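*Asks:* Chains C and R, in that order, give the protein sequences.
In this text, residue positions in the first sequence follow our numbering: the first is 11, and each later residue adds one.
In this text, residue positions in the second sequence follow our numbering: the first is 11, and each later residue adds one.
Take this structure, written in structure tokens, and hold onto it; I'll ask about it next.
There are 2 protein chains.
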Amino acid sequence: MKPPEGRKRVVIEDIQPTVNGGRYPACRIVGDVMTVTAAIFGDGHDHLAARLLYKHKSERRWRTAPMTALGNDVWSAAFTVNKLGSWRFAVEGWVDHFETWSSDLKKRLAAQPDPANPKPTDSPQDIPLALRTGALLLEKIAQRASGADARILTDMVASLRWMADQNAAFYEYPLNAEVEALASHSPNLEFSTRYEPDLPLWVDRERARFSAWYELFPRSVSPIPGQHGTFKDVEAQLPEIAAMGFDILYMPPIHPIGFAYRKGKNNSTTALDGDVGSPWAIGAPPSKDSEGGHKAILPELGTFADFDHLVASAAAHNLEIALDIAFQCSPDHPWVKQHPTWFTIRPDGSIQYAENPPKKYQDIYPLNFESPDWRGLWDELHSVFEFWIQRGVKVFRVDNPHTKALPFWEWCIGDLREKYPETLFLAEAFTRPHIMYSLAKAGFTQSYTYFTWRTTKAELQLYLEEITQPPVSEFFQPNFWPNTPDILHRTLQEGGRPAFMQRLILAATLTANYGMYGPAYELGENIPAKAPPGKAQVDVEEYMDSEKYEIRQRSRNQPGSLTPLITLLNTIRRENVALQSNGSLHFHPVDNPSLMCYSKSARDAAGEENTILVAINLDPRNEQAGWIDLDLKRLGIPHDQDFDVEDLLTGVHYTWHDRSNYVALRPTILPAHVFRVTRQ
Amino acid sequence: MKPPEGRKRVVIEDIQPTVNGGRYPACRIVGDVMTVTAAIFGDGHDHLAARLLYKHKSERRWRTAPMTALGNDVWSAAFTVNKLGSWRFAVEGWVDHFETWSSDLKKRLAAQPDPANPKPTDSPQDIPLALRTGALLLEKIAQRASGADARILTDMVASLRWMADQNAAFYEYPLNAEVEALASHSPNLEFSTRYEPDLPLWVDRERARFSAWYELFPRSVSPIPGQHGTFKDVEAQLPEIAAMGFDILYMPPIHPIGFAYRKGKNNSTTALDGDVGSPWAIGAPPSKDSEGGHKAILPELGTFADFDHLVASAAAHNLEIALDIAFQCSPDHPWVKQHPTWFTIRPDGSIQYAENPPKKYQDIYPLNFESPDWRGLWDELHSVFEFWIQRGVKVFRVDNPHTKALPFWEWCIGDLREKYPETLFLAEAFTRPHIMYSLAKAGFTQSYTYFTWRTTKAELQLYLEEITQPPVSEFFQPNFWPNTPDILHRTLQEGGRPAFMQRLILAATLTANYGMYGPAYELGENIPAKAPPGKAQVDVEEYMDSEKYEIRQRSRNQPGSLTPLITLLNTIRRENVALQSNGSLHFHPVDNPSLMCYSKSARDAAGEENTILVAINLDPRNEQAGWIDLDLKRLGIPHDQDFDVEDLLTGVHYTWHDRSNYVALRPTILPAHVFRVTRQ
């Protein structure tokens, strides 16, 4: 029970950031300053020293940064992550005998009796002996140094010994800064403690943290009434979508759609002739140039050449194409015949369709992650991502990842992002918090959230504080969607255009990633589906005439469209670095529960501080007014001073004063101020 | 990069209690119910099952307890720790296909169309197929069961198949509770997930959590004026100390005291003839029957036979003897000659004495934990404890453990308590929080605290909330001392008898472990030493004529002695289980900053709830009155009801009503109420 080396006297614990004690990586964005803290302490009064070790996976040698003590045994160091991918970091601490000696020597010298003015409390300080002790320590350091450094140190050793030999009274500290620096460069690590294990860090590109997504059904975008839209039609819309200021254009699954049990309009279980079906019922019998499944394209959308052209054209518009990866199959999917063991087979030999008894979803076969051929299944699913990555896709929205085994995601995304570290994965999971967070830990870059269902000030503040601060913010990047093809929230159903403006402004300014399903959103589409038997109408979140089951052609630029507001918000987001990350989000109290106020701050590339302050009325019906109690420290504003706030939505400037300031917001006109705060 | 088994779909994380992720054991007391929680979840909608595994180190097989879901993916199970020493526990979870099937079958049966009352939403439920699926699952379970269980299960399999063969409409759930229980007893663990690593737990005897310590200098207790006290004299005082209600009698070091640089009275650097020296300057030249160091007894105190007699006699009075282990040496200690490498040797060949430049403590040689012979040193220090353990000592107060290497303590106490699990170690560390906590994690049972310096209501509440709740309470047992021979706090110096009563009541009721240095405390000794040059008198915490450097004989039963109050408090502590642990401590608001109110509750062995409510005036000079705002839920009192509170210090009963109640406390008479709350 004896450890191999008992002289390692330093203890290191509580390193931050860690996720599940190092089981999963913390996440950062390339260019970020990564700050690491740790509790580092030892016994007794000896001085300690510590360093941070870090390296990108591709590097062989650890780089180091000296750690500094912040007080109360917490030490810190930082480095800039300048490369995508896997990093590791570690912390090492040791007793610094030389620094202890040097500090003690200064105290001894200061306490030397003054022969000209002797005092009864004088105590001889044995300076020659202390100098000899220092010479011994410095001699060992010199042995670890080399070249000119070693010579300078060796000279100093001789000099200390010469001084000791004089046996005279010294009052001056004998070492200069150069010698001290050289000494600290060659520490004695013989008994250093290194925290185990080394800790992982993942570095993404900026789009992981700051992105604006636009979801669109390509089949709905033909300019010819009644005609199935194509990739070419999507391409024609790129200038308009890019002009709105989006970064990512996300399309529901583009694969062949099953015929067996195809859903009709409004989720009818019987499709009529000409019904196009749900894009999420993936897989049709193979045709001459297609295997018919997750690596095929629905012929009506176009060819691979069309797809490639769309991807390239999008890139030219600064848009990335995001594909929807939904790992489920229609009964017509080629895997059903080729790999029946990837599904659950029932005692009668049939394949188990999706079921939530007593409900049946016979158009969908779920995959069985307990398949005896799970390795074959994992490899095939992995190859689906790789197939599209090799066609230039760098962003994936993954459908219902929480119904696929979590260890699969950790392996699959882990492997993919090592090979293609620029790839982003958005988890479309609306489930319990532990599972949402576990998907993020397993590698999903971004996640859908509960935002849609957080509508009151208290709910929004509580939720935002959870997801934008550590520990959650170390691994979880929220993406706020005011609507999706599956979720038309009651707030939008009942609140009309003011609610659409409110939820849009919240999504675009509370978190740096947001998205919308259009043109339903621009047009304020808010008619819910008819409630099915056994469900209350108020609980329905599906759209009437849902685009999931039919082609719905419309122009986003109708009178009353939100396109101009969306365009303005995306411009504000791009021009204000404060809105491009979440860590600085801070809520300021308002004396009216329908008014919410929050700020974000960040420094731009030129080092200029940028501060955005949003005041928003959450009530879609009534004007609300109240007094904000600003946290001036957060805004960098001194007390009792005038300062300028410019509403970026209207261009109007206001002069505010000190912490209490009044706002009144009419939801029908503009439910919010999005202020840029200018420090005087 | 592929894991060996990809079908383990369950994720387990955030197990509680853990200390540093399992690096150190959580601590409990024998008889405690140990509750373990964990986040356990998987993908999809399948039902999960989980179990807690646990065992004492001496057991070969894991015992198990089924875990139950508390909601939000948190699961829990508990077991009673019925044995001292090392335990381990682990959590295992798996997808419970049988339970998923059973739950689905119930829903299918409930949704069966009623032929007598057909509805348009009716959907056939394939009951025969579901029964066959169940038969397959139950068949596999039967293969894991044995004997009569297997027969019952196999019969049920046949029965399910027979029912399926009938192909008729069924409405009744076919399994009875017996079959369901048998099925859950033989789960399929093929793809179960076990949390790694197993987690450690340490179980102490009750005295670790609930103890009253009395510190006394044996050399001061001779009944003959001026004479050096002996173990026999201590023995003569046992009835009196036991009558006060203490459990542990702690003596400063009992070893030979060095002569070199011996300290005189009032810490003078020059001892006069007859000065007895500090007991912490351990070690004198060996005499004929003594090695002169940590395994020897100061001859003036008596012989080993006297010591053994004292230990036995104390036990007969329900008192345990605690020894003070101070790992430092006087220059006369035998180790200095025998093992000079255990000390730091200076360049001139001399041994380094204790120093905090410019101050020198030439009577003390610290040990060097970076000695090349560290293994020899560790073994010898370990053997000191073992030497006294073998003489019947089970409690050690360890002097300044934070100036000895932390890895040494983890090894030394770890090894000792595996062999002698009833041994308790009190860490006398007054240092920074990380180091205090690190000593507790390394194995110290109890710790001195910052209590002495926490005097205001805000300070006390903040500190108590930190140390009596997780995570700290999982590994740290505080021991509150209102005074020690080193610490006479300004509050006592200035507050006189009321302050002594206040600090005593706080120590005895805030935490279940407390102690005092007597008879200085009973007698209210509060004259500080004269400030040394360079120190302000208000900063002095040393006693005038400190017993550390001289014999101080006095009787604890003088007029005005606190002995009766101490006796009463110790009786109240013994009779009220609420005061025997800390986890239930709760502060109730009072509208006067000088008044503090707190409660503790626990169930006694008979299952009766015991609740103590303390209201205390922290001002030693003035009467203070105010309204307490009771948290009635914490007290188990319904709203708007009368209830009885009995002041156990005076025997007076009061009828209180609802949450607001008034107290007025005069510090000169009694600064506190210690109420027992009776639920009506």
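Glycine included, every Cβ here is placed at the ideal spot set by N, Cα and C.
Computed from a predicted structure; not experimentally measured.
(1) What residue range does the alpha helix (DSSP H) around E109 of chain C cover?
(2) May I have the straight-line CA-CA distance separating F337 of chain R from A452 of chain R, to the nearest angstrom?
(3) Quick one, which residues of the stretch 28-47 of chain C are near chain R if we go by CB-CB under 7 Å, in chain order?
(4) Measuring straight from C-alpha to C-alpha, what distance separates H265 of chain C and G293 of chain C?
(5) Starting from the C-beta of E484 of chain R, find all residues in its chain whose C-beta is less than 6 Å away, skip the five residues before and the five after it, and write them out in chain order.
(6) Is P76 of chain C buried or exposed, if buried means 16 or more other CB atoms sit within 10 Å of its CB?
(7) Could you name the residues of chain R that L416 of chain C contacts, counting a contact when the two beta carbons are closer than 9 Å?
(8) So if DSSP puts D214 of chain C in a beta bridge, which residue, or which two residues, is it bridged to?
(9) By the criterion of Cβ-Cβ separation under 9 Å, what are the contact partners of I549 of chain R in chain C?
(10) Determine the direct distance from the alpha carbon of N276 of chain C to that of G236 of chain C, and round the result to whole angstroms.
(11) Beta-carbon of W421 of chain R versus every beta-carbon of chain C: anything under 9 Å?
(12) By the criterion of Cβ-Cβ separation under 9 Å, what are the contact partners of I445 of chain C in chain R?
(13) Beta carbons nearer than 7 Å to chain R: which residues of the stretch 362-378 of chain C have them?
(14) Under the three-state reduction of DSSP, which class applies to W85 of chain C: helix, strand or coil?
(15) Which runs of the beta strand (DSSP E) fall wholly inside the stretch 344-410 of chain C and span at least 3 residues, in chain order?
(16) Can you give the Cα-Cα distance for A322 of chain C and V405 of chain C, rounded to whole angstroms?
(17) Under a three-way DSSP split, which group does F241 of chain C fall into?
(18) Would you call K643 of chain R buried or exposed, if buried means 16 or more other Cβ atoms sit within 10 Å of its Cβ?
(19) On the three-pair Cβ rule with 8 Å, is the stretch 385-393 of chain C touching the stretch 145-161 of chain R?
(20) Name, in chain order, the residues that DSSP records as bridge partners for S194 of chain C.
(21) Along the stretch 237-267 of chain C, what residues have a CB closer than 8 Å to any CB found in chain B?
(22) For a cutoff of 9 Å on Cβ pairs, would you count P543 of chain R as touching chain C?
(23) Among C:R584, C:R442, C:H107 and C:Q563, which residue has its Cα nearest to the Cα of Q55 of chain R?
(24) If I measure Cβ to Cβ from G7 of chain C and keep anything under 6 Å in the same chain, skipping five residues before and after, which residues do I get?
(25) Counting only runs that start and end within the stretch 277-345 of chain C, where is the alpha helix (DSSP H) found for 4 or more residues in a row?
(26) Kindly provide the ranges of any alpha helix (DSSP H) runs that are 4 or more residues long and lie completely inside the stretch 148-185 of chain C, ordered along the chain.
(27) Provide the residue span of the alpha helix (DSSP H) that contains W419 of chain C, from first to last.
(28) For my contact list, Q651 of chain C and D668 of chain C are in at a C-beta cut-off of 8 Å; report their separation, rounded to the angstrom.
(29) What residue does the beta strand (DSSP E) around R464 of chain C start on, and which one ends it?
(30) Less than 9 Å between the beta carbons of R591 of chain C and A517 of chain C, yes or no?
(31) List the residues of chain C that W388 of chain R touches, going by C-beta distances under 7 Å, in chain order.
(32) W666 of chain R CB to nearest chain C CB: under 9 Å?
(33) For A121 of chain R, go through chain C and note every residue whose CB falls closer than 8 Å to its CB, in chain order.
(34) Per DSSP, E23 of chain C forms a beta bridge with which residues?
(35) What does the alpha-carbon distance come out to for the pair R217 of chain C and E102 of chain C?
(36) Between which two residues does the alpha helix (DSSP H) containing E560 of chain C stretch?
*Replies:* Straight from the coordinates:
(1) Per DSSP, E109 of chain C belongs to the alpha helix (DSSP H) from H107 to A120.
(2) CA-to-CA, the gap between F337 of chain R and A452 of chain R works out to about 17 Å.
(3) Cβ contacts with chain R come from N30 and G31.
(4) A direct Cα-Cα distance of roughly 7 Å separates H265 of chain C from G293 of chain C.
(5) Excluding residues within five positions, the ones whose Cβ falls inside 6 Å are P27, V29 and A36.
(6) Taking all protein chains shown into account, P76 of chain C has fewer than 16 neighbouring C-beta atoms within 10 Å of its C-beta and is therefore exposed.
(7) Result: R19, V20, V21, F51, G52 and D53.
(8) BP columns for D214 of chain C point to C:I39.
(9) Looking at the sequence shown, residue 549 of chain R is not Ile but Asp. Neighbours of D549 of chain R on chain C: none; closest Cβ ~17 Å, over 9 Å.
(10) Their Cα atoms are separated by approximately 17 Å.
(11) For W421 of chain R, the closest Cβ of chain C is nearer than 9 Å.
(12) What I445 of chain C touches in chain R, judged by beta-carbon distance under 9 Å, is V21, F51, G52, D53 and D83, going in chain order.
(13) So the close ones are N366, P367, P368 and K370.
(14) Correct three-state label for W85 of chain C: strand.
(15) As far as the stretch 344-410 of chain C is concerned, its whole beta strand (DSSP E) runs of at least 3 residues are 364-366, 369-371 and 405-409.
(16) About 14 Å.
(17) Annotated three-state conformation of F241 of chain C is helix, per DSSP.
(18) Exposed: under 16 other Cβ atoms inside 10 Å.
(19) No, they do not touch.
(20) When DSSP reads this structure, S194 of chain C sits in no beta bridge, so it has no partner.
(21) Looking at the structure shown, chain B is missing, and the protein chains on hand are C and R.
(22) Output row for P543 of chain R: interface = yes.
(23) Per the sequence shown, residue 55 of chain R should be read as His rather than Gln. Considering only C:R584, C:R442, C:H107 and C:Q563, the residue with the shortest C-alpha distance to H55 of chain R is C:R442.
(24) The requested residue 7 of chain C does not occur in the structure, where chain C is confined to residues 11 to 690.
(25) Note on the stretch 277-345 of chain C: whole alpha helix (DSSP H) runs with a minimum of 4 residues are 314-326, in chain order.
(26) For the stretch 148-185 of chain C, the full-length alpha helix (DSSP H) segments reaching 4 residues or more read 157-176 along the chain.
(27) L416 to K429 is the extent of the alpha helix (DSSP H) around W419 of chain C.
(28) Q651 of chain C to D668 of chain C, Cβ: 7 Å. Contact.
(29) Careful: R464 of chain C lies outside any beta strand (DSSP E) and carries neither H nor E.
(30) Residue 591 of chain C is actually Ser in this sequence, not Arg. Their beta carbons are not under 9 Å apart, which means S591 of chain C does not touch A517 of chain C by this criterion.
(31) Ordered by position in chain C, the residues that pass the 7 Å Cβ test against W388 of chain R are G16.
(32) W666 of chain R does not count as touching chain C.
(33) What A121 of chain R touches in chain C: P367 and P368.
(34) Note: E23 of chain C sits in a beta bridge opposite C:A49.
(35) A direct Cα-Cα distance of roughly 33 Å separates R217 of chain C from E102 of chain C.
(36) For E560 of chain C, no alpha helix (DSSP H) run applies, since DSSP gives it neither H nor E.
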